[in-house]
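Residue numbering for the sequence shown follows this note's numbering, beginning at 10 and increasing consecutively.
Heads up, the beta-carbon is just placed ideally off N, CA and C, and yes, glycines get one too.
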Amino acid sequence: MSLAKKLVNSGMPVSSTCKLLSISRSSFYFYLKPINRKNSILNSKLAHLIQNLAYSFPSFGYRRITAILKQMGYHVNHKRIYRIYKQLNLQKSTSKGYKKKLLRHLFKPLNPSKINELWSLDVIEDTVQKNGFVRKIRILNLIDVFSRFAFPPLVDVSLAGDKVGKHFEKIIRHYGPPKAIIRDDGPEFRSDSFQKVISKYRIKEVIIPPGKPFKNGYVESFHSRMREELLDAEVFESLDEAREKILNWVIWYNMERPHSALGYKPPFEVFKKGGSLT
């Protein structure tokens, strides 16, 4: 930047100088601003912290990083974080997830106004790997649509109907029953064990058409986050390890991870209030 300043002072236009040195005009003018030492020190600490958060959570944009910093006690706004985020060249690409995001919002059968009005259920698969041996595992996730709160998952090598039914009722006994659920037409949900729980608590079912998982977009979005932030980053060596790490991630997701649909609040903060996003 000192070279850029010298060239401009010698008479070269700012636009030509910036083009020659491959820098943006906004960065050049930012450099020329009087330095407030206190803010400069704070920004250097923030820059380091923002960079660490961006590398630790590659899928997070500047708004979600702003929410995390506020949780940590920093009094910052998203515009300030965006400036630093941009200067560090950390802009997150949005093209990759655009199609999925568009599809997720095409189908909203119900619009819950409080918790336990609608739960979204679905299964995602992963593997455990050890000594060259690979074994498939299945993960049943249940999401409260209003708060995006994730209930404790069921993780096993298979998800027979009786296991799913027992787990579903265990969740209901602890958190209360939903008025309705949205699910696909998988055999675990059609099983007698699961359907007995549905009948017992008089739960309505919204069943999505076969081959259209985007219509269960709430839990599909959750699965995308779980896949990107946990499953693709970990190699589980045992079923017990998978259960522990998946549960720990779900707890972190509920208690700390800012959610854009909730005004960057973590799901538990909304779930505990019952029927308010404020």
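In this structure, I190 sits away from W261, with a CB-CB distance that is not shorter than 8 angstroms. Pairing R144 with S167 gives a Cβ-Cβ distance that is not under 8 angstroms.
The beta-carbon separation of K188 and N125, rounded to 7 angstroms, stays under the 8 angstroms limit for a contact.
In the three-state scheme derived from DSSP, where H, G and I count as helix and E and B as strand, F142 is classed as strand. A residue is called buried when at least 16 other Cβ atoms come within 10 angstroms of its Cβ; D194 does not meet this threshold and is exposed. When DSSP states are grouped into helix, strand and coil, V215 belongs to the strand group. Judged by pairs of C-beta atoms under 8 angstroms, the stretch 198-216 does not touch the stretch 226-244, as fewer than three such pairs exist. Counting every other CB atom within 10 Å of its CB across the protein chains shown gives K274 a total of 16 or more, marking it as buried. CA-to-CA, the gap between Y91 and F158 works out to about 28 angstroms. Cβ neighbours of L240 within its own chain (closer than 7 angstroms, five residues either side excluded): D135.
In the DSSP annotation of this structure, the continuous segment of the beta strand (DSSP E) that includes A189 starts and ends at A189 to R192. For secondary structure counted as the alpha helix (DSSP H) over 4 or more consecutive residues, the stretch 63-89 holds these complete runs in sequence order: 71-80. In the DSSP assignment, D249 falls within the unbroken alpha helix (DSSP H) covering L248 to M264. At the C-beta level, F245 and M264 stay beyond 8 angstroms of one another.
Bounds of any alpha helix (DSSP H) do not take in V164; it lies within the beta strand (DSSP E) bounded by L163 to D165.
The straight-line gap separating the alpha-carbon atoms of R89 and L58 is approximately 14 angstroms. Nearest Cα to P186 within the set F231, G141 and K123: K123. The beta carbon of S156 lies closer than 6 angstroms to those of I124, P276, V279 and F280 in the same chain, with the five residues before and after it left out.
By DSSP's assignment, I133 forms a beta bridge with I148.
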